[in-house]
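**Student:** The structure's right below; bear with me while I get my questions together.
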Amino acid sequence: MAQSTEPKASPDKATAKGGDNTKGKSRKELQQQIDENLRRVYEEALVQEVPDRFAMLLDQLRQKGTGK
Numbered sequence: 001m002a003q004s005t006e007p008k009a010s011p012d013k014a015t016a017k018g019g020d021n022t023k024g025k026s027r028k029e030l031q032q033q034i035d036e037n038l039r040r041v042y043e044e045a046l047v048q049e050v051p052d053r054f055a056m057l058l059d060q061l062r063q064k065g066t067g068k
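By the UniProt record's numbering, the letter at position 21 of the sequence shown is numbered 21, and the numbering carries on one by one without gaps.
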């Protein structure tokens, strides 16, 4: 099952499509929001399982490496 890696905006920070979410925010606040979103995406990626096809390819590479 594929999971989206796009950051999830909290309801109070979400804007309509095409809207400007930067009005009234300082550069520091924007940087903090970017940092939080990047951390969230990274943490979600860490807990995702390796796809079966990728695991099979890794196994094949390991077998070739030990066969030499």
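C-beta atoms are modelled at their ideal positions from N, C-alpha and C, and glycine is treated no differently. Note that the coordinates shown come from a computational prediction; the quantities given were computed from them, not determined experimentally.
#1: According to DSSP, simplified to helix, strand and coil, what is residue 25?
#2: Roughly how many angstroms lie between the CA atoms of residue 60 and residue 47, to the nearest whole one?
#3: Report the three-state DSSP secondary structure of residue 50 (helix, strand or coil).
#4: Tell me which residues share the same chain as residue 49 and place their Cβ nearer than 6 Å to its Cβ, disregarding the 5 neighbours each side in the sequence.
**Tutor:** On the basis of the coordinates in this document:
#1: Residue mapping note: residue 25 aligns to position 25 of the sequence shown, counting from 1. Look at residue 25 here: in three-state DSSP terms it is coil, with no helix or strand label.
#2: Taking the sequence shown and counting its residues from 1, the one referred to as residue 60 is at position 60. Taking the sequence shown and counting its residues from 1, the one referred to as residue 47 is at position 47. Going by the C-alpha atoms only, they are around 24 Å apart.
#3: For this step, residue 50 is matched to residue 50 along the sequence shown. Residue state, collapsed to three classes: coil.
#4: On the sequence shown, position 49 is the one that residue 49 refers to. Excluding positions up to five away in sequence, the list is empty.
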